[in-house]
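**Q** Here it is, the structure in full.
Chains as they are written, first to last, in the numbering used here: chain H, 5 to 971; chain W, 220 to 652.
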C-alpha cells in the first residue's frame with residue numbers, strides 16, 4: 005500500500021445476513037459506509053461483518069436489487085436484510101468509461117442492455133448475431149443471407165457512414181473482437197460483380213462475430229452513438245457493443261447440463277407457376293422450339309413428372325442439436341466459470357448446416373486485498389456450409405437457376421446418379437446442391453486479461469491501476485468446390501477455391517483511476533490512461549480451375565491463380581475522464597480521448613474526441629416530492645467519435661495483370677487520397693427517465709441528434725481518368741431519432757408475475773452537405789441508393805416512368821418491440837418477443853427474377869390495365885419504371901416464444917437441484933405483404949446498402965425442445 | 220486538497236510517460252504504388268507496365284463485342300440472369316440505353332484504364348534514365364499506338380457523343396470532342412507513334428504480336444490501325460497509303476495479324492467470348508438472318524453452327540451458336556489481314572478504282588469457297604458487296620454495327636420484335652459530366 009490509511013475511531017462492528025425476496029442468501033453484496041470507501045462484501049451465505057464509525061450510514065447494493073440505505077445503529081447483530089428486486093434496472097451498473105462505470109440511475113446516456121435471459125433463454129437463435137435481432141432499441145438489423153452460420157448487419161441509430169464501416173465495435177471482456185466478413189471467392193463462379201474479380205460484396209459470407217456463444221454471455225451493453233462511445237475513439241463511430249461473459253460465484257459449485265433438440269425449416273416459400281401445355285409452349289417464340297416445349301410438358305404430365313422444385317430445394321428439414329455443460333464456483337480468493345458446448349444444425353437446403361464447438365474458461369483471482377486479476381479465454385471452432393445462393397450473372401446460384409426452371413423440367417439424376425443438364429438455366433440446382441461445397445471453417449482463440457491493483461486507499465480516496473487487454477486470433481479457411489461434372493463447369497472443368505485468412509487483433513488499456521470523496525456529498529472519479537489497438541489481416545485466396553477429377557487440393561489443377569490481401573493498422577492514443585457526483589444525484593462527466601491511426605493520410609496526427617454528460621436525478625435531489633415518482637432523472641450527453649479510412653485508401657496502386665507468362669502491372673481502378681481524414685461524428689442526446697408506482701412502471705425517453713462530418717465516399721471518378729473511384733471526404737449528414745422504452749410489471753402476485761417491456765424507436769437521416777454530383781450508386785433501372793444534399797441518406801431512386809425520381813427509403817418509419825415474461829408460481833414461464841417494423845423499402849429483385857424466368861406463382865394472373873398476364877406486365881415496366889422493385893418491407897414478427905417448466909423440489913434425486921424443460925419457436929410467425937422470402941434481408945453485405953433482395957438463401961424458422969439440469 | 224493535487228500530479232506524469240511516440244505507417248502491403256513507377260523506372264518495371272497494358276486491353280472486351288454484335292444484329296446474348304442484353308441493347312419496347320448500365324460503363328472504363336496505363340508507361344519511359352533513347356521511343360511508340368486503339372473502341376460506342384482525348388491529369392480532364400474531332404485526334408496519335416517507332420528499338424516481349432515484335436513490325440500494326448481510322452474518316456487515299464505501309468497482303472493468310480492472347484497461366488485471362496456449343500442459360504447465338512442470308516457454299520457458315528436445340532428468350536430465337544471463338548484460349552483479333560484486304564477493297568472502290576476493288580473482293584470470295592463477284596460494277600453495288608463481305612468475314616469481331624452506321628444503313632438492320640429499335644450510339648457513361 006502506497007498510502008497509509010487514515011485511522012478512524014472504530015465505534016461499532018455490524019454483522020448481518022442478506023437475502024433476496026425469497027430468502028435465498030445473496031453473496032457478493034457490497035456493504036459500504038456512506039461517503040467513504042470503507043466496505044466489505046457478503047459471503048457465500050449472504051453474511052457480512054464490518055467495522056463502522058459511530059452514527060454512520062451504510063449503503064447495501066448489488067446488481068439486480070434496489071440499494072438500501074440504513075443507519076448502522078439500527079442494525080443489531082446478525083440482522084436480516086432482505087433486498088428488493090430492482091425491476092426498473094435503476095441500480096444496474098453501466099460501463100461508461102474504459103475503466104469506470106456508474107449506476108443507471110445516474111447515467112447520462114440511454115445505454116441499452118440485453119440480459120442473458122433476453123438474449124438466449126426464450127427461443128435461442130442459431131448464432132450470436134442473429135440473437136441480437138429485435139432486442140436493441142435504436143438498431144436496424146438485417147440478415148445478409150439466411151444461410152447457416154450467421155452474417156448480420158447491425159446499424160445503430162441510422163447510417164453512420166456511406167462507404168466506411170457502418171458496423172459497431174464488439175468488445176468481449178475487454179478484447180476488441182474482429183467482425184470481418186471474408187468472402188470465399190464465390191464471385192469467381194457467380195460473377196455477381198462483373199469484371200473478373202474473385203470476390204464481391206454479394207458472396208454472402210458470415211461475420212466473425214457470429215462465432216461467439218450466446219450461452220456464455222452474462223449481459224450486453226450497447227453504446228449506440230458517440231455521446232456514449234467517444235471514449236472508444238476512432239473505432240466507435242458505429243457504436244460499441246460491450247459483451248460481458250459469465251463469471252464464477254463463490255460457494256457451491258454449480259454444474260448445468262443443457263440439451264436442445266430442434267428442427268430448422270424454411271420460413272416461407274413463394275410458390276411456383278402452374279404450367280399447362282399452352283404456357284409451356286409460350287416459353288419460346290420459335291415455332292419448333294415452342295412445339296418441343298409443349299411435347300416436353302405433355303410427356304412430363306403423362307409420366308407424372310411435374311415437380312415443385314422450390315419446395316424440393318428449400319424444403320429440407322434440418323435437425324438441430326445443442327449441448328452445453330457449464331460449471332461455476334469458487335471461494336474467497338478464486339472464482340471460475342467453465343463451459344464446453346457444441347451445436348450442430350442442418351439447413352433448409354441439403355448439404356448446408358452449421359456446427360460450433362466452444363470452450364470457455366474464465367477465472368478471477370484475488371492475489372491479496374489490493375490486487376485482483378481476471379482472465380477470460382475462449383476457444384471456438386465453427387464450420388458452416390452455406391450453399392450457393394444470391395445474385396449471379398452465370399445462372400449458377402441455386403435461386404437464380406430455379407427462377408427460370410419450370411416444373412416440367414427433368415432435373416433428377418438417372419439410375420447411375422448422373423444429373424441431366426438443365427436446358428432452362430445455366431445450372432441444374434439439384435446437381436449443384438449434390439456436388440458443390442461452400443464451407444467456412446474457423447479456429448479462433450481469444451483471451452482477455454484484467455488487472456486491478458489498489459495503489460492507494462484511504463477512507464476518502466482510492467487510487468487504482470486498471471489494465472485491460474487481450475488478443476483475438478482466428479484462422480478462417482474457406483473452401484468452395486465445384487467439380488468438373490457440374491453443368492456450369494464445362495469451360496473451367498472444375499473449380500476449387502481455397503481461402504485462408506489469418507487475423508490477429510490486439511488491444512490494451514492501461515489506466516489510473518482515482519475515486520475521491522471530497523466532502524459528504526461530493527465525489528470525483530478521475531481516470532486517465534493510454535490505449536493501443538492493432539490489427540493484422542492476411543487473406544490468401546487460391547483459385548484452381550481444370551481440377552483433376554475428385555481432387556480438393558489446389559495444386560491438383562491445370563490452372564491456379566492466387567490473390568492476396570493484407571491489411572495492418574495501429575491505432576493508439578490516450579484519454580482522461582473526470583466524473584463528479586453531487587449528492588449521488590447529479591453526475592457530471594467530461595472526458596477526451598486523443599487517437600491517431602496508421603490508416604489516416606497523416607499517420608502521426610492525433611485527433612481529439614471529447615465527450616461530456618450531465619444527469620440530474622430529481623427525486624434524489626428531492627426536487628420532486630410525493631409518492632408518484634420514485635425515481636426521475638433528466639440527462640444530456642455529447643460526444644464525438646470517428647471512423648478511420650479503410651486500409652490502403654491513401655495509396656494509388658497497380659494491380660497484377662499478366663499475359664502469356666509476362667508479369668503485368670495495371671493501374672488500380674481506385675485512386676488514392678494521400679490527405680484522407682477520418683470521418684467524424686458528433687452526437688448530442690438528451691432524455692428523461694422515470695419510474696413510478698413503486699417502480700412497477702419505468703419509462704425512458706431519449707432524443708438524439710447525430711451529425712457525421714466529412715463522411716467518406718468512394719466517389720465515382722469520371723472513368724475516362726482511368727480510375728473508377730476515389731475515397732474522398734464528401735459531405736455531412738445528420739441522423740435524428742427518438743427512442744422510448746417502457747418497463748412494467750403489470751401483475752405481481754404470489755402466483756403470477758408478469759414482466760413486460762415495450763420499445764419504440766425511429767430514425768430520420770438527412771444529407772446536409774454533399775460536394776459531389778449526386779449519382780445513383782447502382783442502376784436506375786433496378787432502383788438504387790443515391791446520396792444527395794437535402795435528401796434522406798437512405799433514399800432509393802430509380803426510373804419512375806417519367807425519368808428518374810425518388811421511389812422509397814430503406815430506413816423504417818419506426819420500429820417497435822415488446823417482450824413479455826409471465827411466470828406462474830415461479831415454475832411455469834411463458835416468454836415471447838414481438839418485433840414490428842413499419843415502413844422501410846427493400847429492393848426486391850427475387851420476384852422479378854421469377855417473372856423474367858417466367859416461373860412466378862402469379863405470372864398468369866391478370867390484374868393489370870393492359871389485360872396481359874401480370875408476369876408479362878411487370879416485365880414491361882423494366883427499363884421505364886423501377887417502382888416494381890421498391891417494395892414496402894414492413895413486418896410484424898413473433899421472433900421468439902418459449903414455454904418452460906422448472907422442477908425444483910426433487911427430493912427423490914438429491915444431487916439434482918432443478919430441471920428446466922421447455923419448448924420454443926424462433927422466427928415462426930411473420931405478417932408481411934412483402935413478396936419474397938424474408939423482408940429482413942440485405943444481400944449486398946454489411947455496408948451502406950440495405951434491403952437488397954435477390955434470390956437469397958431463404959430465412960429459416962426453428963422449433964426447439966429444451967432440457968437443462970442443474971446439479 | 221494536498222492529496223488531490225498529489226494524485227493528479229501522478230496521473231498527469233503517468234500520461235506524459237505515455238507519449239511513447241513512434242508513429243507507424245505500414246505503407247502499401249498489397250502492390251506497388253504509381254510513384255514507384257513514375258520516378259525512375261527500370262527496364263523490367265517498364266516491361267511490367269507494358270505487359271499490364273496488353274493484359275488490360277482484354278478486360279471487359281466481351282461487353283464491347285456483345286454491344287456491337289447485338290445492336291448490329293449479328294447475334295443475341297441470351298442470359299438467364301441478365302436481361303439487359305435483350306431488352307436495352309435491342310431497344311425493346313420503351314427501354315433505352317442507360318448511362319449507368321454495365322454495357323457502356325464497363326467497357327468504357329476498361330479502355331480508359333488502359334489509356335491511363337499507357338500514359339503512365341509514357342511518363343515512366345520518359346523519366347527513366349536507365350534506358351536508351353531508342354528504347355524509350357519503342358515504349359512510347361507502342362504506348363501511343365495502343366492508346367489510340369483504345370480511344371477508337373470507345374468512340375465507336377459513343378459516336379457523336381464523343382470521347383475525351385486528353386486524360387493525362389485525372390484532376391483536370393480535357394473536354395469531350397465529337398466524332399470527327401475524335402477520329403482526327405486518334406489519327407494524329409497514331410501518326411506521332413509512327414514517328415516514335417521510326418527511330419526505335421523494341422526490346423520488350425509482345426505476346427499476340429509475334430510476327431511484329433520489332434520496331435518495323437509495330438509500325439505496320441500502327442499503319443493497319445491508321446487505315447481503319449482513315450476509312451472511318453472517309454479519307455480514301457490516306458487509307459490506301461496506310462494500307463501500303465501496313466502488313467496488308469492479298470496472298471497471305473486472312474488471319475495474319477495481331478491478336479489478344481489468352482492462357483490459363485497465373486494472373487492471366489481466358490477468352491471471355493468463348494462459350495461451348497449447345498449450352499443453355501448463358502449463350503451467344505447467331506442472328507437468324509446470318510444463316511438465312513449467307514450465299515450458298517460460303518464456308519463462313521462455320522462461324523454459326525447449328526444447335527442441338529433452338530434457343531429462345533423473351534420473343535427471340537435462334538438455332539445457331541456463335542462459333543468464332545472455339546476455345547477458352549482462342550485468339551481474339553485486334554486487326555488482321557482479312558480486314559485490311561476489305562479496307563483496301565473499300566478504299567479502292569471509293570477512289571473509283573473499281574477493278575482493284577473487285578480483285579480484293581474476289582480474294583475474299585475465293586478464300587471462302589465462293590465464285591467470283593458477278594454483279595453490277597457500280598460503286599454502290601460494290602460497296603454493298605464489301606459491307607456484306609465484312610459482315611461475314613469479321614463476324615463478331617466488332618464491326619457490323621459500325622459499318623452500317625458509317626453508310627447510314629442502320630435502318631436496314633432487321634428488327635425481330637414489334638417494338639425493337641436499333642441504336643445509333645451509346646450515351647456518355649454516368650459520372651463523366
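C-beta atoms are modelled at their ideal positions from N, C-alpha and C, and glycine is treated no differently. None of the values given here were measured: they were computed from a predicted structure.
#1: Can you grab the Cα-Cα spacing for the pair residue 20(H) / residue 146(H), in whole Å?
#2: If you count every other CB in all the chains shown that lies within 10 Å of the CB of residue 816(H), and 16 or more means buried, which is it?
#3: Span of the beta strand (DSSP E) holding residue 479(H)?
#4: Anything in chain W within Cβ reach of residue 404(H), meaning under 7 Å, just list it in chain order.
#5: Tell me the residue span of the alpha helix (DSSP H) that contains residue 317(H).
#6: State yes or no: is the beta carbon of residue 290(H) nearer than 8 Å to at least one beta carbon in chain W?
#7: List, in chain order, every chain W residue whose beta-carbon is nearer than 8 Å to that of residue 675(H).
#8: Of the residues 368(H), 434(H) and 376(H), which one's Cα is nearest the Cα of residue 391(H)?
#9: Does the segment 646–666 of chain H come close enough to the segment 245–258 of chain W that 3 or more CB-CB pairs lie under 8 Å?
#10: From 587(H), 575(H) and 385(H), pick the residue whose C-alpha is nearest to that of residue 450(H); which is it?
#11: Quick one: does the C-beta of residue 572(W) sit closer than 7 Å to a heavy atom of the ligand ZN?
#12: Quick check on residue 75(H): buried or exposed, where buried means 16 or more other Cβ atoms within 10 Å of its Cβ?
#13: Confirm, please, whether the CB-CB distance from residue 271(H) to residue 961(H) is below 8 Å.
#14: Strictly under 8 Å for the Cβ-Cβ distance: is residue 249(W) near chain H by that measure?
#15: Following the continuous alpha helix (DSSP H) through residue 462(H), name the residue where it begins and the one where it ends.
#16: For residue 7(H) and residue 70(H), I'd like the C-alpha separation in whole angstroms.
#17: So, using beta-carbon positions, are residue 648(W) and residue 323(W) closer together than 8 Å?
#18: Do you know offhand how far residue 614(W)'s Cα is from residue 543(W)'s?
#19: CA-CA distance, residue 509(W) and residue 287(W)?
#20: Less than 8 Å between the C-beta atoms of residue 46(H) and residue 25(H), yes or no?
#21: Within a Cβ cutoff of 6 Å, which residues of the same chain sit near residue 865(H), ignoring the five residues on either side of it in sequence?
#22: Does DSSP put residue 230(H) in a helix, in a strand, or in coil?
#23: Given this structure, state the Cα-to-Cα distance separating residue 456(H) from residue 691(H), to the nearest angstrom.
#24: Going by CA-CA distance only, name the one from 704(H), 753(H), 727(H) and 711(H) that's closest to residue 1017(H).
#25: Is residue 703(H) helix, strand or coil when you go by DSSP?
#26: Report the residue from 486(H), 589(H) and 255(H) whose alpha carbon sits nearest the alpha carbon of residue 637(H).
#27: To be precise: take each residue of the segment 709–722 of chain H, compare its Cβ to all Cβ atoms of chain W, and keep it if any distance is under 8 Å. Which residues remain?
#28: Does residue 549(H) have its Cβ less than 8 Å from a Cβ in chain C?
#29: Going straight from the alpha carbon of residue 464(H) to that of residue 82(H), what length do you get?
#30: Taking Cβ-Cβ distances shorter than 9 Å, what residues in chain H pair up with residue 334(W)?
#31: Looking at the unbroken beta strand (DSSP E) that takes in residue 741(H), where does it start and where does it end?
#32: Who are the Cβ neighbours of residue 260(W) in its own chain at under 6 Å, not counting the five residues just before and after it?
#33: Determine the direct distance from the alpha carbon of residue 400(W) to that of residue 464(W), and round the result to whole angstroms.
#34: Whose CA, out of 369(W), 310(W), 409(W) and 326(W), lies closest to the CA of residue 279(W)?
#35: Please report the distance separating the alpha-carbon of residue 486(W) from that of residue 780(H).
#36: Taking a cut of 7 Å between CB atoms, which residues from the segment 635–669 of chain H lie near chain W?
**A** According to the structure data:
#1: Cα to Cα, the separation comes out at about 51 Å.
#2: Burial is judged here by how many other beta carbons sit within 10 angstroms of a residue's own beta carbon; residue 816(H) has at least 16 and is buried.
#3: Unbroken beta strand (DSSP E) run through residue 479(H): 465–486.
#4: Near residue 404(H) (Cβ distances below 7 Å), the residues of chain W are 299 and 300.
#5: Run containing residue 317(H): 313–318, per the alpha helix (DSSP H) assignment.
#6: Residue 290(H) belongs to the set of residues whose beta carbon lies under 8 Å from a beta carbon in chain W.
#7: Here the neighbours are 389.
#8: Per the Cα distances, 434(H).
#9: Contact between the segment 245–258 of chain W and the segment 646–666 of chain H is present, because at least three Cβ pairs lie under 8 Å.
#10: The shortest Cα separation from residue 450(H) among 587(H), 575(H) and 385(H) belongs to 385(H).
#11: Because no ligand of any kind appears in the structure shown, any question about the ligand ZN cannot be addressed here.
#12: Classification for residue 75(H): exposed.
#13: Yes, the pair counts as a contact, with Cβ atoms nearer than the cut-off.
#14: Residue 249(W) belongs to the set of residues whose beta carbon lies under 8 Å from a beta carbon in chain H.
#15: Taken as a continuous stretch (DSSP letters only), residue 462(H) belongs to no alpha helix (DSSP H), as it is neither H nor E.
#16: In this predicted model, residue 7(H) has a pLDDT of only 37, less than 50, meaning its place in the structure is not dependable; the value taken from the coordinates is given anyway. The straight-line gap from Cα to Cα measures roughly 33 Å.
#17: Taking 8 Å as the Cβ cut-off, residue 648(W) and residue 323(W) qualify as a contacting pair.
#18: Here the alpha carbon of residue 614(W) sits roughly 8 Å from the alpha carbon of residue 543(W).
#19: Approximately 15 Å, taken between the alpha carbons.
#20: Not closer than 8 Å, so no.
#21: Only 874 meet the Cβ criterion.
#22: Correct three-state label for residue 230(H): helix.
#23: Distance between the alpha carbons of residue 456(H) and residue 691(H) is about 33 Å.
#24: No answer is possible for residue 1017(H): the residues shown for chain H start at 5 and end at 971.
#25: The answer is strand: DSSP assigns residue 703(H) an E or B state.
#26: Ranking 486(H), 589(H) and 255(H) by Cα distance to residue 637(H) puts 589(H) first.
#27: Only those residues of the segment 709–722 of chain H whose C-beta falls short of 8 Å from the nearest C-beta of chain W are listed: 720, 721 and 722.
#28: The structure shown contains no chain C; the protein chains it does contain are H and W.
#29: Taking the Cα positions, residue 464(H) is about 27 Å away from residue 82(H).
#30: In chain order: 724 and 726.
#31: Residues 729–752.
#32: Hits under 6 Å: 343 and 347.
#33: Just so you know, the alpha carbons of residue 464(W) and residue 400(W) end up roughly 24 Å apart.
#34: Nearest to residue 279(W) by C-alpha distance, out of 369(W), 310(W), 409(W) and 326(W), is 326(W).
#35: Our two residues, residue 486(W) and residue 780(H), have alpha carbons roughly 32 Å apart in a direct line.
#36: Residues of the segment 635–669 of chain H with a C-beta atom less than 7 Å from some C-beta of chain W are 652, 655, 656, 657, 658, 659, 660, 661, 662, 663, 664, 665, 666, 667, 668 and 669, listed in chain order.
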